[in-house]
Every structure is written in C-alpha cells, then in structure tokens.
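Protein chains: 2
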Amino acid sequence: MRSAEFDKEKVLRAAIAAFVNKGYNKTSMQDLKKATGLHPGSIYCAFENKEGLLIAALEQYNKDRCGEFSDYFSGEKTVLAGLKNYLMKTVTNCTSSGPERVCFSQQALSELSEQTSAVEAVISKNLNDWQQGFIWIFEQALAAGEIDNSRTAKQRTQSLVMGIYGLRTFAHTHPTVDVLEELATQLLEDVSR
Amino acid sequence: MRSAEFDKEKVLRAAIAAFVNKGYNKTSMQDLKKATGLHPGSIYCAFENKEGLLIAALEQYNKDRCGEFSDYFSGEKTVLAGLKNYLMKTVTNCTSSGPERVCFSQQALSELSEQTSAVEAVISKNLNDWQQGFIWIFEQALAAGEIDNSRTAKQRTQSLVMGIYGLRTFAHTHPTVDVLEELATQLLEDVSR
DNA sequence: GCTGTTGTTGAATGATCATTCAAGTACTTT
DNA sequence: AAAGTACTTGAATGATCATTCAACAACAGC
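The listed protein sequences correspond, in order, to chains A and B.
If you use the working numbering, the first sequence corresponds to residues 31 to 223, in order.
If you use the working numbering, the second sequence corresponds to residues 31 to 223, in order.
Have a look at this one:
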C-alpha cells in the first residue's frame with residue numbers, strides 16, 4: 031500500500047480559494063490544477079469529479095469555520111462582546127482582497143441552489159451548523175440576562191444570519207470599512223434589543 | 031427598411047427568466063434560443079453577443095422595477111404602510127416558483143461582481159437606482175414625521191437594502207412565507223425605529 | 001534487489017460552448 | 001409585380017470544457 035503524496039487539507043483550501051475567486055461554474059479544471067498543484071487524474075482519483083471536489087471543499091470549509099467560531103467568544107466578558115468581535119471580523123474579511131472576502135457557503139448557496147441536490151445538502155448542512163452556533167450564543171446571552179426574552183434565540187439568530195447575508199452582499203457594491211462597520215453595529219443593536 | 035420581427039421587451043423578459051433560472055454562466059445560447067424564440071444569428075445581430083444580451087436584460091429589468099416602484103406607495107396613507115407593501119410583496123416573490131423569486135440584479139451581483147467591468151457598471155446602476163428610491167421614501171417619511179432624525183434617510187436605506195439582500199438570500203434556504211414575513215416585519219420595525 | 005501494487009502524469013477524447021456566415025426569406029419601394 | 005434591401009435561419013467553426021486512460025514512477029513486501 032502506497033500513501034497519497036498530497037496533503038488533502040491544503041489541496042481543499044487551495045480549491046476553496048479557486049472556487050471563491052471565480053465561482054464554481056467559471057472555475058475550470060485547469061484553474062484547479064494550477065491552484066492545487068494536482069493533475070486532473072489525481073483530482074479525479076481523490077474526489078471522483080469536479081462536483082466531488084466541490085463537496086469535499088465545502089465540508090473542509092465548514093470544519094475550518096466551526097473550529098474558529100468559539101475563538102470570537104472566548105476571553106470576552108459578555109456574549110454580546112463576542113458577537114461584536116465576530117461581526118467586526120466579518121467586516122474586515124469583506125474588505126480583504128484574499129479569498130476570505132467571500133463566504134464560500136453563501137456563495138455556493140447563491141450560485142448553486144436549486145441545481146444538484148447532493149451539493150445543496152452540504153450547503154444546507156454548513157449553513158445550519160453556522161446557525162446552530164448562533165442559537166447557542168443567544169441562549170447563553172439570555173441566560174446571562176444580556177438580552178430579554180421578547181424574542182427567542184432562534185428568532186434573533188434568523189435576523190442575525192439574514193443580516194450577515196445582507197452585509198456580505200452589500201459589501202460587493204460598497205466594500206468600505208466605514209459603511210460596513212456602521213451597518214454591522216446597527217445590526218448588532220437591532221438583534222440584541 | 032424592414033423592421034425587426036420580434037418584440038425587444040418580450041425577448042428581454044424571456045432572457046431574464048432564463049438567466050434567473052440557471053444563472054448567467056450556466057445559461058447556454060441554446061437555452062436562450064429556446065426561451066426567447068430567437069435564433070443565434072438574430073441574438074448576435076440585436077445584442078452583439080451573450081454579454082450584450084445580459085446588459086440589455088439588466089437594463090430592461092431595471093426599467094420594469096423602477097416602473098412599478100411607486101405602485102407600492104401610491105394609495106397608502108403613510109409611507110411606512112407603502113414600505114410594508116413592498117416588503118410583503120418581496121416575501122411572496124421569494125416564495126414563488128416563477129422567475130420573480132429571484133432579484134435579477136442581486137443575482138448578477140453575486141455571480142458576476144469582480145468580473146467584467148461593463149456588466150458591473152450596469153449592475154451598479156440598477157442597485158443605485160433602487161437605493162435612490164428608498165432614500166426618497168425615507169425623506170418623505172421624515173418630512174411627514176413618521177420617523178425621527180436619529181438616523182439619516184441614507185443610513186436607513188442602507189440598512190433596508192442590506193436587509194432585503196439578506197432576506198432574499200435567506201429565502202434560498204428557508205422559502206416559507208411564515209418565517210420570511212416575520213423577518214420582513216422585524217426588518218421594517220428596525221429600519222423605522 | 002526484485003516484483004506487484006498503487007499513485008501520478010498529461011496527452012487524448014468527446015461533449016458542449018459562444019460565435020459566425022452564407023444561403024434563404026419576407027418586406028418595402030418603385 | 002419586379003428588384004433591392006434587410007432580417008432570419010441553422011449548420012459549421014474553433015475554442016474550451018470535464019473526464020478518461022494507458023504509460024510511467026515510486027513505494028511496500030519479500
């Protein structure tokens with residue numbers, strides 16, 4: 031038995047960057063070869079086909095995002111302060127020039143929803159995991175008395191998630207830190223009122 | 031001189047429906063032929079190329095949306111009531127199965143921003159026209175005393191536009207009228223507070 | 001160090017794509 | 001109704017795409 035010569039996580043992160051830059055449909059196998067350093071045959075051997083690579087990339091992306099989620103909240107006195115961290119980081123991400131300027135899951139949702147069900151399922155799982163994180167966060171805030179129960183944790187989460195979707199889309203037209211920070215601050219206020 | 035045999039507006043609306051269903055990149059010339067009833071040669075004669083058709087379609091879409099904008103507000107006692115009309119219509123559009131479930135300008139923004147500048151300019155114009163409409167609306171509301179001046183019309187507009195972007199994206203994962211109506215109602219409240 | 005197995009390579013394949021253009025067709029003008 | 005002009009048609013073109021596969025290379029067990 032001979033082991034594969036490439037680092038799967040590195041390859042997937044490179045693929046994510048390639049997909050994010052051009053969108054899935056516009057990213058050709060040649061682009062992916064250049065980005066990952068893998069030859070077509072190896073990609074097909076490891077991921078079956080382009081869609082398989084997309085699915086694996088989406089799963090890797092979810093793993094990476096879930097892993098860093100708690101970092102925004104640890105070391106903060108209040109839950110809302112952690113949420114502010116998260117939103118401010120989202121703003122700087124949006125104005126970056128690297129692949130982090132786009133949320134891969136959201137981009138895939140916009141480009142590929144109502145197309146192939148296998149991909150849709152993974153996107154759905156990613157976004158659901160993300161929402162669950164926020165629900166837990168708002169439950170913490172409720173328990174700590176930082177917010178009242180005029181709205182449930184789930185309701186607040188849905189408003190927040192909707193707001194972040196909108197923030198990221200808005201950033202495509204207005205990628206300035208000032209405006210985005212103001213919008214993010216307002217969003218935080220609305221969602222925690 | 032012989033006049034063209036097709037109705038340009040009808041063709042463009044058919045093209046919009048085709049683009050919206052599959053996304054620009056996935057919509058082939060054959061799809062467009064089927065949707066518009068025009069043969070490739072005619073399309074190229076009238077719009078130069080696929081990108082030219084996209085630009086013309088985006089312009090037609092903007093014209094159509096601008097034309098119906100004031101309808102939501104005329105016949106309403108208050109500006110905020112008109113805004114509620116607009117948002118509720120957006121919700122039903124999102125849950126529809128026809129092409130109106132997607133905002134063509136927003137879809138194009140997500141799929142094509144940072145690609146060709148000619149297309150970007152038209153998308154930018156569309157979204158700007160749309161924002162200007164809301165700015166005017168909020169100025170009316172301010173003058174009528176429906177809202178206070180704790181935030182400017184432009185600030186409120188940016189929050190609203192961001193919220194609508196988010197609402198439409200959220201609808202891709204959760205296309206139920208109940209949830210979307212709740213989110214839209216909350217958005218209206220936040221933006222008019 | 002030899003052999004079998006498994007990963008890697010990249011040119012070849014066939015499908016699909018946007019685009020073109022020469023032939024055909026219908027309208028307008030006279 | 002004849003002639004000219006302009007629009008329509010759809011098969012042909014060349015580029016690009018995802019995918020395959022046979023030759024090649026490297027590792028493991030013996």
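Heads up, the beta-carbon is just placed ideally off N, CA and C, and yes, glycines get one too.
Fair warning: this is a prediction, and the values are worked out from it, not measured in the lab.
Kindly list, in the order they appear in chain A, the residues whose Cβ is closer than 7 Å to that of residue i.
i: Ser189/B; result: Leu213, Gln216
i: Asp220/B; result: Asp220
Are residue i and residue j close, meaning C-beta to C-beta below 8 Å?
i: Val209/B; j: Gln188/A; result: yes
i: Gly196/B; j: Tyr195/A; result: yes
i: Ala214/A; j: Met59/A; result: no
i: Gly97/B; j: Phe103/B; result: no
i: Thr199/A; j: Leu139/B; result: yes
i: Glu141/B; j: Asn55/B; result: yes
i: Glu176/A; j: Leu110/A; result: yes
Whose Cβ in chain A lies nearer than 8 Å to the Cβ of residue i?
i: Asn55/B; result: Gly53, Asn55, Lys56
i: Ser154/B; result: Thr203
i: Val209/B; result: Gln188
i: Gly193/B; result: Met192, Gly193, Gly196
In the structure shown, what three-state DSSP assignment does residue i receive?
i: Asn79/A; result: coil
i: Ile177/B; result: coil
i: Glu106/A; result: coil
i: Lys40/A; result: helix
i: Val132/B; result: coil
i: Leu68/A; result: coil
i: Gly53/B; result: coil
i: Thr203/A; result: helix
i: Glu144/B; result: coil
i: Thr215/A; result: helix
i: Thr125/B; result: helix
Mind listing the chain A neighbours of residue i? Cutoff is C-beta to C-beta under 9 Å, in chain order.
i: Ser126/B; result: Going along chain A, no residue has its Cβ under 9 Å from Ser126/B, so there is no contact; the nearest lies around 13 Å.
i: Tyr116/B; result: The contacting residues do not exist; Tyr116/B stays about 16 Å from chain A at best.
What residues of chain B sit near residue i, judged by a beta carbon separation below 9 Å?
i: Ser143/A; result: His202, Thr203
i: Gln136/A; result: Ser140, Thr199
i: Tyr91/A; result: Residues of chain B passing the Cβ test: none, with the nearest at roughly 16 Å.
Which residues in chain B sit within 8 Å of residue i, going by Cβ to Cβ distance?
i: Leu157/A; result: Thr203
Inset, instruction - For the segment 76-95 of chain A and the segment 156-173 of chain A, state whether three or more C-beta atom pairs, one from each stretch, are separated by less than 8 Å. - result: yes
Inset, instruction - Could you tell me whether the segment 74-86 of chain B touches the segment 161-170 of chain B, where touching means 3 or more Cβ pairs closer than 8 Å? - result: no
Inset, instruction - State whether the segment 62-71 of chain A contacts the segment 37-47 of chain A, with contact taken as three or more CB pairs (one from each stretch) at a distance under 8 Å. - result: For the pair of segments examined, the segment 62-71 of chain A was found to touch the segment 37-47 of chain A: the number of CB pairs separated by less than 8 Å reaches three.
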